[in-house]
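Asker: One structure, pasted below without further comment.
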Amino acid sequence: MQIKSLAEYEETYKFSVDHPEEFWAGIAENFLWKKKWDKVLSWNFTEPKIKWFEGAKLNITENCLDRHLEKNGDKPAIIWESNDPEKPSVTLTYKILHEQVCRFANVLKKNGVKKGDRICIYMPMVPELAIAVLACARIGAVHSVIFGGFSAKSIADRINDSACKLVITADGSFRGNKQIQLKEVIDDALIGCPTVEKVIVLTHTRTPVSMLKGRDLWYEDEIKLVDTVCPAEEMDAEDMLFILYTSGSTGKPKGVVHTVGGYMVYAGYTFSNAFNYQPGEVFFCTADIGWITGHSYIVYGPLSQGATTLIFEGIPTYPTPSRFWEIVEKHKVNILYTAPTAIRSLMSFGTEPLNGIDMSSLRVLGSVGEPINEEAWHWFDEEVGHKKCPIVDTWWQTETGGLMISPIAFVTPLKPACATLPLPGVQPLLVDEQGKEIEGNGVNGNLCIKFPWPGMLRTTYGDHERCKQTYFSTYPELYFTGDGCMRDENGYYKITGRVDDVINVSGHRIGTAEVENAINMHAGVVESAVVGFPHEVKGQGIYAFVIYPKIHDEPELTKKDILQTVTRVIGAIAKPDKILFVSGLPKTRSGKIMRRILRKIAEGETTSLGDTSTLLDPAVVDEIIAAAQQL
Ligand code: 7RM
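The sequence shown lines up with residues 45 to 675 when you count with the numbering used here.
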């Protein structure tokens with residue numbers, strides 16, 4: 045199913061648009077089904093209702109594990125690299141991984157987990173995280189992985205939203221020279237989570253943890269009590285595989301729902317094609333499994349293709365900014381998939397950290413999470429890939445399940461900092477504010493998709509109406525991505541960034557409304573408005589305008605207090621980079637905050653602020669500009 049030439053891509057793409065059902069059925073033939081589908085696709089974008097491979101039966105872990113055992117049982121499935129370079133790395137062959145997944149699946153069963161139950165996973169980047177994910181899938185439980193940077197309150201909200209029955213966590217995690225006390229955060233979260241019956245705790249950092257009798261169990265004890273035989277639960281193609289929470293422009297994060305059959309086909313197909321993965325190669329995706337990139341391109345995509353996937357616990361700059369490159373050399377990484385923010389951060393150390401490191405194993409590079417700037421693209425191309433490795437700039441979202449617009453390595457002619465062309469089966473279009481399609485090339489618009497693809501979200505957990513409102517109502521009969529996009533003279537797509545109230549900080553999606561709500565919870569704050577601003581390394585930073593009339597001591601201390609509140613309510617990843625105290629916010633006569641003006645001020649613009657005549661009190665703008673210049 046790997047595309048080998050541009051001509052073949054063009055032909056395949058055309059076929060996928062003219063005959064989508066035949067196209068995807070053909071791709072699905074490359075996977076293992078207990079029973080084939082009765083119908084490839086039924087859909088409408090009105091409700092919306094999307095079903096792929098209806099009537100088919102399968103288990104995704106048989107595709108990720110069992111089917112590789114006979115020929116590749118002794119091949120490495122997972123290579124784990126610790127945060128600490130002195131600690132030995134760990135290799136799990138497909139045989140061992142299969143055994144451990146089955147064993148842990150039995151632990152879940154023994155603790156009362158049944159098909160359809162929701163399981164919260166809050167773990168460090170260790171092999172047991174992948175094992176926990178796959179063990180859920182083995183028995184048909186729905187995993188909801190939460191990134192280690194979220195606070196107890198965020199975790200509690202997510203656990204309660206999907207009524208999780210069990211939590212899998214660890215004592216703690218290492219990130220560079222920091223430790224996160226995962227179990228302690230879970231303990232705080234669970235004070236408000238009545239549905240959770242059991243907590244399974246892996247030992248990792250061996251920081252002291254409290255273990256509650258009757259509720260908390262050690263991972264290491266539990267796996268001794270079960271055997272390694274666990275038949276895979278027969279799942280319907282449209283049964284739920286996982287929930288992953290993601291931020292939008294309004295309210296609390298939504299639980300994006302992916303289903304077994306379509307997601308598997310899509311993650312596997314896009315992985316195999318875009319990266320041109322060859323048998324025996326080592327694939328290193330630097331994302332965290334707590335995000336969609338980790339789900340699709342550390343776990344499910346690579347394993348479904350029998351690949352070797354590298355899990356790295358640490359960060360790019362610890363103990364030195366050579367860490368990524370040393371890992372590439374040590375494990376002879378062939379494909380490196382990372383984020384622009386990591387590239388920019390490493391670029392800032394110059395080329396010295398690369399000196400003397402043999403990175404000749406690299407064949408393909410990838411970028412994801414945010415628009416990549418040309419400078420970073422060229423640095424990646426020249427200093428990391430030595431101009432020999434194609435860079436696939438992959439555009440996609442939590443909601444799309446897998447890559448959507450991306451070069452296919454060695455097939456698509458590249459253009460720096462450009463996601464290029466849609467993958468087969470993906471039908472993008474640009475629309476104007478009124479929803480009218482913008483045709484032709486050399487144009488800008490809002491990016492939509494007009495036809496379903498197997499990896500797309502099916503609903504938002506517990507609230508289908510919200511799914512409809514968020515993605516299918518802005519432009520009737522279209523899936524709206526929330527991104528702005530340019531189609532260049534050659535028909536190449538270049539994503540320009542979010543056009544809604546979502547900020548992309550180091551590739552992490554954060555809703556401005558969420559941050560505002562958190563800041564507003566701080567005693568003394570009357571109101572706030574949050575916008576993104578260009579940031580050298582993070583892509584975007586968070587800028588908060590805060591009305592706090594009675595600051596009782598040093599404003600700098602008050603700022604730190606506010607940061608503490610945001611950390612408590614959401615997590616450290618949502619802390620504003622800048623806080624500006626103001627006495628008012630620019631509002632229209634109907635009371636709407638004019639974020640456009642605040643965005644300009646946050647960018648450092650002070651003159652061409654556009655039309656301010658509809659403002660209730662234009663004087664407030666001058667005051668904010670004066671204060672911003674002091675910051
Ligand atoms: C995979 C992921 C999705 C948002 C998306 C975009 C931005 C992601 C690119 C990109 C420009 C890219 N999922 N985005 N990839 N922008 N070029 N190659 O990141 O749900 O966390 O974020 O990220 O704005 O809508 S996500």
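Ideal Cβ placement from N, Cα and C applies to all residues, glycine included.
The structure presented is a predicted model; accordingly, all values stated were derived computationally and were not measured.
Note down the Cα distance separating A557 from G193, rounded to an integer number of angstroms.
Answerer: Answer to the nearest angstrom: the Cα atoms are 19 Å apart.
Asker: Taking the alpha-carbon of Q674 as reference, which of I637, H339, K622 and V229 has the nearest alpha-carbon?
Answerer: Among I637, H339, K622 and V229, the Cα nearest to that of Q674 is on K622.
Asker: DSSP three-state label for V546, please.
Answerer: The answer is strand: DSSP assigns V546 an E or B state.
Asker: Taking 9 Å as the threshold (C-beta atoms), are T438 and V300 in contact?
Answerer: Contact flag unset, no.
Asker: Are there three or more Cβ pairs, one per stretch, closer than 8 Å when the region 304-317 is compared with the region 510-521?
Answerer: At 8 Å Cβ cutoff, the stretches do not touch.
Asker: Do R182 and E278 have their C-beta atoms within less than 9 Å of each other?
Answerer: Result no, Cβ atoms of R182 and E278 do not sit closer than 9 Å.
Asker: Based on the DSSP output, what are the partners of S49 in its beta bridges?
Answerer: BP columns for S49 are empty, so no partner.
Asker: Can you give, in chain order, each stretch of the alpha helix (DSSP H) that sits fully within the region 283-357 and has at least 4 residues?
Answerer: With a minimum length of 4 residues, the continuous alpha helix (DSSP H) runs that stay inside the region 283-357 are 304-318 and 345-348.
Asker: For N127, does the count of other Cβ atoms within 10 angstroms reach 16, so buried, or fall short, so exposed?
Answerer: Buried: at least 16 other Cβ atoms inside 10 Å.
Asker: Among residues of its own chain, excluding the 5 on either side of T540, which ones have a beta-carbon nearer than 7 Å to its beta-carbon?
Answerer: Closer than 7 Å at Cβ, skipping near neighbours: P415, G528, C529 and M530.
Asker: Measure the Cβ-Cβ separation of F625 and P599 and say whether it is below 9 Å.
Answerer: Yes, they are a contact pair.
Asker: Nearer than 8 Å: is that true of the beta carbon of I617 relative to any heavy atom of the ligand 7RM?
Answerer: No; taking the cut-off as 8 Å, the Cβ of I617 has no heavy atom of the ligand 7RM nearer than that.
Asker: Classify S60 as helix, strand or coil using the three-state DSSP reduction.
Answerer: Helix.
Asker: Looking at the secondary structure, which residues open and close the beta strand (DSSP E) in which A588 lies?
Answerer: Residues G583 to I591.
Asker: Three-state secondary structure (DSSP) at K101?
Answerer: It is a strand residue.
Asker: Can you check which of these residues, I287, Y138 and V134, is closest to A207 by C-alpha distance?
Answerer: Ranking the options by Cα distance to A207, first place goes to I287.
Asker: Please confirm whether any heavy atom of the ligand 7RM lies closer than 8 Å to the CB of E419.
Answerer: Not under cutoff, so the answer is no.
Asker: In terms of alpha-carbon separation, which member of L102, Y587 and T290 lies closest to E73?
Answerer: Answer by Cα proximity: L102.
Asker: What are the partner residues of C208, as DSSP defines its beta bridges?
Answerer: According to DSSP, C208 bridges with nothing at all.
Asker: Spatial neighbours of A646 within its chain, please: C-beta separation below 8 Å, excluding the five flanking residues on both sides.
Answerer: Closer than 8 Å at the Cβ level, and outside the excluded window around A646, lie V575, G576, F577, Y587, K622 and A672.
Asker: So, is A92 buried or exposed, given that buried needs 16 or more other C-beta atoms within 10 angstroms?
Answerer: Note on identity: in this sequence residue 92 is Pro, with Ala being the wrong assignment. Buried, because 16 or more other Cβ atoms sit within 10 Å of the Cβ of P92.
Asker: Quick one, which of G236, G358 and I203 has its alpha-carbon nearest W124's?
Answerer: Looking at the Cα atoms, G358 is the closest of the given residues.
Asker: Quick one: give me the first and last residue of the alpha helix (DSSP H) that Y523 is part of.
Answerer: Premise fails: Y523 lies in the beta strand (DSSP E), Y523 to R531, not in any alpha helix (DSSP H).
Asker: Where in the region 144-173 do unbroken runs of the beta strand (DSSP E), each at least 3 residues long, occur, reported from the N-terminal end onward?
Answerer: If we require 3 residues or more, the beta strand (DSSP E) runs fully inside the region 144-173 come out as 162-166.
Asker: Is DSSP giving E571 helix, strand or coil here?
Answerer: E571: strand per DSSP, three-state reduction.
Asker: Does DSSP put W77 in a helix, in a strand, or in coil?
Answerer: Coil.
Asker: Where does A200 fall in DSSP's three states?
Answerer: Helix at A200.
Asker: How far does the beta strand (DSSP E) with Q223 in it extend, from its first residue to its last?
Answerer: K222 to I224 is the span of the beta strand (DSSP E), which, as asked, contains Q223.
Asker: My output table needs one value for M255: the three-state DSSP class, helix, strand or coil.
Answerer: The answer is coil: DSSP assigns M255 none of H, G, I, E or B.
Asker: Which whole runs of the beta strand (DSSP E) in the region 428-471 are 3 residues long or more, in chain order?
Answerer: Entirely contained in the region 428-471, the beta strand (DSSP E) runs reaching 3 residues are, in chain order, 435-437.
Asker: Starting from F67, follow its DSSP beta bridges and name the residues at the other end.
Answerer: Paired residues: none, contrary to the question.
Asker: Do you know offhand how far K139's Cα is from D110's?
Answerer: Distance between the alpha carbons of K139 and D110 is about 8 Å.
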